[in-house]
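The block underneath contains the structure these notes are about, expressed in structure tokens.
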Amino acid sequence: MSHPCMKSLLFLLSTLCLCSSHSLVPPLRFSAFLDPTHQIYLRWDHEDSSSLMTFELEAKTTGWVAFGFTVHGEMTGADFVIGGVLPDGNVYFSDWHGVDEETVLEDESQDYELLSLTQDETTTTMAFRRYFRTCDEHDLDITGDTLRLITGYGTDDTIDFFKGRIIHKSLFLMLLSTEDELHSPSVYKVYDLKLNDFPIPEDDTTYACTFIPLPIVKEKHHIYKFEAMITPRNETMVHHILVYACGNASVLPTGVSDCYGADPDFALCSQIVVGWAVGGGSYMFPDETGISLGTPIDPQWIRLEVHYSNFNGIPGLIDNSGIRLYYTTELRPYDMGVLQTGFFTFPIHFLPPGAESFMSYGVCNTSQFDDMNGVPVPDMHVFGYLLHTHLAGLGVRGVQYRNGEQLTVICEDNKYDFNLQETRAMKEEVIFKSGDEFLVECHYQTKDRTGLTFGGPSTLNEMCLAFLFYYPRNNISSCMGYPDIQQVAHKLGQEAADAMEGMMAINLVEWDQETIKKAEKACKEANQIVVIKTIDVSKGVQSYSGFLAVPSFGQGSGPGLGSFKSRV
């Protein structure tokens, strides 16, 4: 292919013999079904050195097929290719874009290169490639963000995009490795964390939670892999599954209930251990580390959360979905830990209504980690992350600082999708040292909301979290920040004697675009209060251990500049 910004016509129409060979298609490491009924299968790979992405799409049809990208799932601004094999053996393939929700046009600049297009009695297979960035205004960039894919097909070669079957799916394409590239132990066991014969409600959305013991083992094991188990024919119902670790002194309820309903006990245990969402696959931890199982400080129970979406109100569905754990006595060098960072959710977090854009900020400062850990904290090798907001979230970014200077953006997704919460590996491990700071920024949109949105567990509330997966494990389970709400209220023309009055004062603000921007600026410039949560090694109990007042990070070169005031 030519340079990505050179405009050239690549391929429109040729004979089948010119495009039937697979010799041009390189080995592709990654794959996923793009629809619940497994009619469309995508394989792909990326060459970072040349900024090229190669795709191979298999569709169960002998008509036209389409594949591409959208901004937020709409046709307006969509970027896609359409191809197929005619009855006479000729093939067609070209680059298109969506003008609006009812109109598509062929691009003047054809920026996808066809590698192969074949068809048998049941299936059309189309392989092609393009640059991450083409410089065509009608093409969308392929980035390290969550991408909204659009695929479709027709029953014949009469191309009518809006009468064919169209499928939308979010996917992260910049994967780094496959399980074949990691070490698998020779001896292992599996353990299933799942619901048992759960009747899926006919409601649009259900969050079902239950508490399950982890396997009892006589010696230390490492969990090295997990994967989702979805009950056959319920694939369209299960949107995500999360597993949270519980403190060993927790008093847990029994049965299955709404995670965020009338019984608050079903929202206990907030530290995510593993997560899966629609589009996600299995995940194997790096060879250096695993989740410890069987020692006195390891969790003995977990909370399983399964999110169902039954938008068609289908009755009578029974589900046994969950997460399968793989664990072994072949121990890795290090125990894995999970550090929860971001905005301390309750009760300070708020989002104004009617905001096209609003940013929230939460700072973790690690300078007190050694004291709160009980012994010096060794360098933390961060190898993966999981980002989390609720439905108003548009993007999340995590930035590491040292001595007031920005070191690196550790994790970032500017096109966050609530329906694709998954653990993602990093290109290179990042080392956290005691004293480093970590700023989590969350981008929201509330233009369709008429009242304040507060932080909380319900999807009608909001969160701003980044879970960092690291080794070796220490006793710190979370490090989260929130702005001094009294300072924020003052900037908005309200006075408050304490945090509770500050939150009440926020309710008195008359929101418009000016006050929205003023609130965002006030939250950014206010001092941050940092809440650090530890695991008590002697009891295995999670407990709050202290508060740190962090000077404003809206001024100067980085967050948390200056000295600290203890508020223990």
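If you count by mature numbering (1 follows the signal peptide of the UniProt record, and there is no 0), then the sequence shown holds residues -21 to -1, 1 to 547, one letter each, in order. Even for Gly, the Cβ is constructed at its ideal location relative to N, Cα and C.
Inset, instruction - Kindly indicate which residue of Ala256, Thr82 and Ile138 has the alpha-carbon position closest to the one of Thr215. - result: Restricting attention to Ala256, Thr82 and Ile138, the CA atom closest to the CA of Thr215 is found in Ala256.
Legend entry - C-alpha gap between Val50 and Leu150, whole angstroms: 13 Å
Inset, instruction - Would you mind stating whether Arg112 and Leu31 have Cβ atoms separated by less than 8 Å? - result: no
Legend entry - Residue ranges of each alpha helix (DSSP H) within the segment 484 to 517, 4 or longer: 492 to 504
Inset, instruction - Can you give me the Cβ contacts of Asn352 inside the same chain, cut-off strictly under 8 Å, excluding the 5 residues immediately before and after it? - result: Once the five neighbours on either side are set aside, the close Cβ partners of Asn352 are Asn453, Asn454, Ile455 and Thr513.
Inset, instruction - With Asn344 as the anchor, note down where its beta strand (DSSP E) starts and where it stops. - result: Phe337 to Asn344
Inset, instruction - Report the three-state DSSP secondary structure of Pro178 (helix, strand or coil). - result: strand
Legend entry - Rounded C-alpha distance that separates Ser163 from His201: 12 Å
Legend entry - Where Phe433 falls, given that 16 or more other Cβ within 10 Å makes a residue buried: buried
Legend entry - Residues that DSSP places opposite Pro192 in a beta bridge: The partner list for Pro192 (beta bridge, DSSP) reads Trp280.
Inset, instruction - For the segment 121 to 129 and the segment 95 to 104, state whether three or more C-beta atom pairs, one from each stretch, are separated by less than 8 Å. - result: no
Inset, instruction - Sort Asp118, Ser95, Ala476 and Leu65 by Cα distance to Ser88 and report the nearest one. - result: Ser88 has its Cα closest to that of Asp118, out of Asp118, Ser95, Ala476 and Leu65.
Inset, instruction - Taking all protein chains shown into account, decide if Val169 is buried (16 or more other Cβ within 10 angstroms of its Cβ) or exposed. - result: exposed
Legend entry - From Gln465, Ser229, Ile138 and Gln424, residue whose alpha carbon lies closest to that of Val83: Ile138
Legend entry - Touching by the beta-carbon criterion (3+ pairs, under 8 Å), the segment 463 to 483 and the segment 343 to 362: no
Legend entry - Ser545 (DSSP reduced to helix, strand or coil): Note that Ser545 scores a pLDDT of 29, beneath 50, so its modelled location is shaky and nothing firm can be said.
Legend entry - Residue span of the beta strand (DSSP E) that contains Lys204, given as start and end: His200 to Met208
Inset, instruction - Please name the residue or residues paired with Ala106 in a DSSP beta bridge. - result: Glu35 and Ser95
Legend entry - For Leu365, the three-state DSSP class (helix, strand or coil): strand
Inset, instruction - Could you please give me the residues that DSSP links to Met263 through a beta bridge? - result: Note: Met263 is bridge-paired with Lys204 in the DSSP secondary-structure output.
Inset, instruction - Buried or exposed for Met459, please, with buried defined as at least 16 other CB atoms from any protein chain shown within 10 angstroms of its CB. - result: Taking all protein chains shown into account, Met459 has 16 or more neighbouring C-beta atoms within 10 Å of its C-beta and is therefore buried.
Legend entry - Gln250 classed as buried or exposed, judged by whether at least 16 other C-beta atoms fall within 10 angstroms: buried
Inset, instruction - Would you list the residues sitting across from Thr268 in a DSSP beta bridge? - result: Tyr313
Legend entry - Nearest-angstrom beta carbon gap, Leu7 and Lys148 [assumed within contact, 8 Å]: Contact between Lys148 and Leu7 fails: their C-beta atoms lie close to 18 Å from each other, not under 8 Å.
Inset, instruction - Report yes or no: do the segment 169 to 186 and the segment 233 to 245 share at least 3 C-beta pairs separated by less than 8 Å? - result: With the cut-off at 8 Å, the segment 169 to 186 and the segment 233 to 245 touch.
Inset, instruction - Could you tell me the distance, in whole angstroms, from the CA atom of Thr233 to the CA atom of Leu3? - result: 57 Å
Legend entry - Spatial neighbours of Phe322 in its chain, beta-carbon cut-off 8 Å, leaving aside the 5 residues before and after: Counting only Cβ-Cβ distances below 8 Å, and skipping sequence neighbours, we find His328, Ser339, Tyr340, Gly341, Val419, Cys421, Gly434, Met442, Cys443, Leu444, Met459, Gly460 and Tyr461.
Legend entry - First and last residue of the uninterrupted beta strand (DSSP E) at Ala404: Boundaries of the beta strand (DSSP E) around Ala404: Arg403 to Phe411.
Legend entry - Pair within 8 Å by beta-carbon distance, Glu267 and Tyr450: yes
Inset, instruction - Could I get the ranges of all uninterrupted beta strand (DSSP E) runs contained in the segment 123 to 154, with 3 residues as the minimum, in chain order? - result: 126 to 132 and 144 to 150
Inset, instruction - Measuring alpha carbon to alpha carbon, tell me which of Thr40, His367 and Arg22 ends up nearest Ser437. - result: Comparing Cα positions, the closest option is His367.
Inset, instruction - With DSSP collapsed to three states, give me the class of Met482. - result: helix
Legend entry - Whole-angstrom distance between His17 and Ile129, CA atom to CA atom: 15 Å
Legend entry - Chain-order list of residues whose beta-carbon lies under 8 Å from that of Ser517 (same chain, five-residue window excluded): Only weak support is given to the placement of Ser517: the predicted model assigns it a pLDDT of 33, under 50, and the value that follows is read from those uncertain coordinates. Answer for Ser517: no residue qualifies.
Inset, instruction - Specify the secondary structure class of Met351 as computed by DSSP and reduced to three states. - result: helix
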